[in-house]
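For reference, the structure is listed below as structure tokens.
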Amino acid sequence: MNQNQQVNEGSRGRQDDDAALSEFLASLMDYTPTIPDELVEHYIAKSGFQCPDVRLIRLVAVATQKFISEVASDALQHCKARQSAVIKDKRDKQQKDKRLVLTMEDLSKALHEKFHSPAMIGAQSPHAMVDFGENDAIGDRNERLDVKGW
Amino acid sequence: MSDGGRLSEGNCGDHDNFGRSIAQIAVAQVCESLGFDGSKQSALDSFSEILIRYVSDLGKVSKFYANLSGRTESNLFDIVEGLVDLGFLKGKVRGRNPRVSEVVKEIGWYVRSVEEVPFKQSVPSFPVPVKRSTVPSFENIQETPPGKHILSWLPAFPDPHTYVHTPVWNVRKTDPRTDKVEQARQRRKAERSLLSLQQRLSNWVPHGPQQNRLSSSRLLQNGEIDENMSENGIGSKEVNSENQVLVLEAFAPAIDAAKNGFFDSVDGERNDVFLNKRPAIHFKSNFGRKLLKEPLELSLQKKGVGEITPWYGRDDNNDKKRRAEQILKESMENHEELAQL
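Each protein sequence line maps, in turn, to chains W and B. Note that the UniProt record's numbering numbers the first sequence so that position 68 is 68, with each residue one more than the last. Note that the UniProt record's numbering numbers the second sequence so that position 6 is 6, with each residue one more than the last.
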């Protein structure tokens, strides 16, 4: 009886989950990500991802956009910090540069943080390592990016 | 794997320019929405490269998880696992089974928090497939393939004339002859029309001898009329005081010649005919000579002998020739006489 109840609860839970998922996917379709669907479709098709479902493509697009915005916001933080640091030195010019410009420095710092944080390393699964290249984890790849002088 | 490697190479990115530029625009839009006023080009390039690589990696990992589960098509769970692998749940609790819900929560939160910034331009679906013209199959041509071992869906054989040297029959054997006949006919037509034109002009000439001369001189000066037929000169001169009868008489030999069509053989006869007419011409006009200084080309004679001699000179040449012949004969006779002697 207990087991039956548990199973019933489990199945109901799963049904709820399914309902939640389908709801989530429906809500995804309402949101138009900045990254166009065609672009995402092209690149994931190139990498072997086969899926006829448009919602999953949207999911990928949204996830990527989230990632990009996180990196960009980190870079923005760095940029602002640098500006405030500069202002500290020279008091003559109150606001040296109002314009916030994305530079390679800020970008590489933000990426470093994202992939070198201790919380990140644990999340690597061996599968990811196998797929992503000769050596390595994502962090190594990013190091290669930096080395090339971007 | 090789895709990722290729993407990292800056050298062979030319074939992907369209996708890259779209990625650049998307990245720039995200940055702008976050508060950036501008960006360095190098930073933008690398950022778009990161975007492309992230999408490709996500696709790869989800494909991997789908294959691991024995499927070829990825589904939501594969993507979620891929996201987790790529560090989506950084800092959050990991290792729990319902990762899906976590991811869903994250994304749901993000979607709600960020305002919608759609891509600025409409993007066509790319890459556009290149249509290549294929060799038609036997079915397409609706030919039965020679031999049962050749299936109908295979490409058709080329036409035999492309690889077998078949004799080429020259169909046009009689054409040159007919062409020549046609040409002669057309020439005769032209000459007849010229004759009729002359007749009409002669009819039109006003009365009075001097006026006639003037008009005839004008006619002579008109190169068009003189061109093809020397008979024009004769005809116009004849018109001086006389009538169309003389014109017709003058043209009679020409008309006969035209009708016969044997220009070469008739040459001698025509010469005789013209010689017969000559004394009249000489008597009639002196001014004609001046005007006739240009050699008149006879179209009728052209096809034949092709020798062009001026009218007024011919007489002398022939006389000279005759005299020369006579002298020769005489000398021959003398020789013989001398020899005999």
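Glycine included, every Cβ here is placed at the ideal spot set by N, Cα and C. Note that this is a predicted model, so its numbers are computed, not measured.
Taking the alpha helix (DSSP H) that A110 of chain W belongs to, which residues open and close that run?
For the purposes of this step, residue 110 of chain W is taken as residue 110 along the first sequence, with counting starting at 1. Taken as a continuous stretch (DSSP letters only), the alpha helix (DSSP H) holding A110 of chain W covers M104 to H116.
Provide the residue(s) that pair with V101 of chain W in DSSP beta bridges, ordered along the chain.
Walking along the first sequence from the start, residue 101 of chain W turns up at place 101. V101 of chain W is bridged to B:G38.
Since I44 of chain W contacts V55 of chain B with CB under 8 Å, what's their CB separation in whole angstroms?
Numbered from 1 along the first sequence, position 44 holds the residue referred to as residue 44 of chain W. Numbered from 1 along the second sequence, position 55 holds the residue referred to as residue 55 of chain B. Confirmed, about 6 Å.
Within-7 Å CB hit, I35 of chain W to chain B:
For the purposes of this step, residue 35 of chain W is taken as the residue at position 35 of the first sequence. It does: the Cβ of I35 of chain W has a partner Cβ on chain B nearer than 7 Å.
Could you please give the first and the last residue of the uninterrupted alpha helix (DSSP H) stretch that includes W109 of chain B?
Counted from its first residue, the second sequence places residue 109 of chain B at position 109. Element bounds for W109 of chain B: R99 to S113.
N67 of chain B versus G87 of chain B: straight-line alpha-carbon distance, rounded:
On the second sequence, position 67 is the one that residue 67 of chain B refers to. On the second sequence, position 87 is the one that residue 87 of chain B refers to. Answer to the nearest angstrom: the Cα atoms are 21 Å apart.
Is the CB of S73 of chain W under 7 Å away from at least one CB in chain B?
Locating residue 73 of chain W in the first sequence gives position 73, counting from the first residue. Yes - at least one Cβ of chain B is within 7 Å of the one on S73 of chain W.
With a threshold of 16 other CB atoms inside 10 Å of the CB of M332 of chain B, please say whether the residue is buried or exposed.
One-based indexing of the second sequence puts residue 332 of chain B at position 332. That one is exposed.
Within 6 Å: the Cβ of D78 of chain B and any heavy atom of the ligand MN?
The ligand MN is absent from the structure shown, which contains no ligands of any kind.
Looking at the unbroken alpha helix (DSSP H) that takes in N140 of chain B, where does it start and where does it end?
What you label residue 140 of chain B is simply residue 140 of the second sequence in a count that begins at 1. Element bounds for N140 of chain B: F138 to I141.
On the DSSP bridge assignment, give the partners of P155 of chain B in chain order.
As a working note, residue 155 of chain B is residue 155 in the second sequence. Paired residue(s): B:S137.
Going by DSSP, what residue range makes up the alpha helix (DSSP H) through Y43 of chain W?
For the purposes of this step, residue 43 of chain W is identified with residue 43 of the first sequence, where counting begins at 1. Run containing Y43 of chain W: D37 to K46, per the alpha helix (DSSP H) assignment.
Just how far apart, CA to CA, sit A26 of chain W and I141 of chain B?
To locate residue 26 of chain W, count along the first sequence from 1; it is residue 26. To locate residue 141 of chain B, count along the second sequence from 1; it is residue 141. Approximately 49 Å between the Cα atoms of the pair.
Check whether D37 of chain W and I68 of chain W have beta carbons under 7 Å apart:
As a first step, residue 37 of chain W is located in the first sequence; it is residue number 37 there, counting from the start. As a first step, residue 68 of chain W is located in the first sequence; it is residue number 68 there, counting from the start. No. Outside cutoff.
Taking C-beta pairs closer than 9 Å, name the residues in chain W that P118 of chain B reaches, listed in chain order.
In the second sequence, the residue the question calls residue 118 of chain B occupies position 118. Here the neighbours are T32, P33, T34 and P36.
Of all Cβ atoms in chain B, is any one closer than 7 Å to the Cβ of S47 of chain W?
Along the first sequence, one-based indexing puts residue 47 of chain W at 47. With 7 Å as the cut-off, S47 of chain W counts as an interface residue toward chain B.
Take W109 of chain B as the anchor and find which of W:A19, W:I35 and W:K66 has the nearest alpha-carbon.
As a working mapping, residue 109 of chain B is identified with position 109 in the second sequence. Cα-wise, what sits closest to W109 of chain B is W:K66.
Identify the contact partners of D14 of chain B in chain W, using a Cβ-Cβ distance below 9 Å as the criterion.
Looking up residue 14 of chain B in the second sequence gives position 14. Per Cβ cutoff of 9 Å: no residues; D14 of chain B is ~16 Å from chain W at best.
Does the beta carbon of residue 343 of chain B come closer than 7 Å to any beta carbon on chain W?
Lying before the first or after the last residue shown, residue 343 of chain B is absent from chain B, which here runs from 1 to 341.
If you pair each beta-carbon of the stretch 72-84 of chain W with each one of the stretch 153-173 of chain B, do three or more pairs fall below 8 Å?
no
Quick check on DSSP: helix, strand or coil for T72 of chain B?
Locating residue 72 of chain B in the second sequence gives position 72, counting from the first residue. Coil.
Per-residue DSSP class, three states only, for K180 of chain B
The residue given as residue 180 of chain B occupies position 180 in the second sequence. Here K180 of chain B sits in helix by DSSP.
Measuring alpha carbon to alpha carbon, tell me which of W:S84, W:L28 and W:E41 ends up nearest S125 of chain B.
In the second sequence, counting from the first residue as 1, residue 125 of chain B sits at position 125. Comparing Cα-Cα distances from S125 of chain B to each of W:S84, W:L28 and W:E41, the minimum goes to W:E41.
Could you give the distance in angstroms between the alpha-carbon of V266 of chain B and the alpha-carbon of V168 of chain B?
If you number the second sequence from 1, residue 266 of chain B lands on position 266. If you number the second sequence from 1, residue 168 of chain B lands on position 168. Note that V266 of chain B has pLDDT 44, beneath the 50 cutoff, so the model's placement of it is unreliable and no number is given.
Kindly indicate if chain W contains any beta-carbon less than 7 Å away from that of Y163 of chain B.
Taking the first residue of the second sequence as position 1, residue 163 of chain B is located at position 163. Cβ-Cβ to chain W under 7 Å: no for Y163 of chain B.
Considering only their Cβ atoms, is the gap separating V103 of chain B from L83 of chain B smaller than 7 Å?
Taking the first residue of the second sequence as position 1, residue 83 of chain B is located at position 83. Taking the first residue of the second sequence as position 1, residue 103 of chain B is located at position 103. Yes. Within cutoff.
Contacting residues, own chain, Cβ-Cβ under 8 Å from R99 of chain B (five flanking each side not counted)
The residue given as residue 99 of chain B occupies position 99 in the second sequence. Hits under 8 Å: V80, E81, V84 and L89.
Quick check on residue 358 of chain B - is its C-beta less than 7 Å from some C-beta in chain W?
With chain B running from 1 to 341 in the structure shown, residue 358 of chain B is simply not present.
Going by Cα to Cα distance, which pick from B:R192, B:V181 and B:I50 is closest to M104 of chain W?
Locating residue 104 of chain W in the first sequence gives position 104, where the first residue counts as 1. Measuring from the Cα of M104 of chain W, the nearest candidate turns out to be B:I50.
Taking the Cβ atom as the reference point for each residue, do S137 of chain B and P158 of chain B lie within a distance shorter than 7 Å?
Within the second sequence, numbered from 1, the residue matching residue 137 of chain B stands at position 137. Within the second sequence, numbered from 1, the residue matching residue 158 of chain B stands at position 158. Against a cut-off of 7 Å, the Cβ pair of P158 of chain B and S137 of chain B comes out as no contact.
Compute the Euclidean distance between the alpha carbons of R112 of chain B and D30 of chain W, then round it to the nearest angstrom.
Numbered from its first residue, the second sequence carries residue 112 of chain B at position 112. Numbered from its first residue, the first sequence carries residue 30 of chain W at position 30. One C-alpha to the other measures close to 11 Å.
So, at 6 Å on beta carbons, what are the nonlocal neighbours of residue 343 of chain B in its own chain, with the 5 sequence-adjacent residues on each side left out?
Given a span of 1 to 341 for chain B in the structure shown, any question on residue 343 of chain B remains unanswerable.
Of all Cβ atoms in chain W, is any one closer than 7 Å to the Cβ of K40 of chain B?
Against the second sequence, residue 40 of chain B aligns to sequence position 40. It does; some Cβ of chain W falls within 7 Å.
Let me see if you follow: with CB-CB separation under 7 Å, is Q15 of chain W close to chain B or not?
By 1-based counting over the first sequence, the position of residue 15 of chain W is 15. So, not an interface residue.
Measure the CB-CB distance between L71 of chain W and A110 of chain W and report whether it falls below 7 Å.
In the first sequence, the residue the question calls residue 71 of chain W occupies position 71. In the first sequence, the residue the question calls residue 110 of chain W occupies position 110. A quick correction: the sequence has Val, not Leu, at residue 71 of chain W. Yes, the Cβ-Cβ distance between V71 of chain W and A110 of chain W is below 7 Å.
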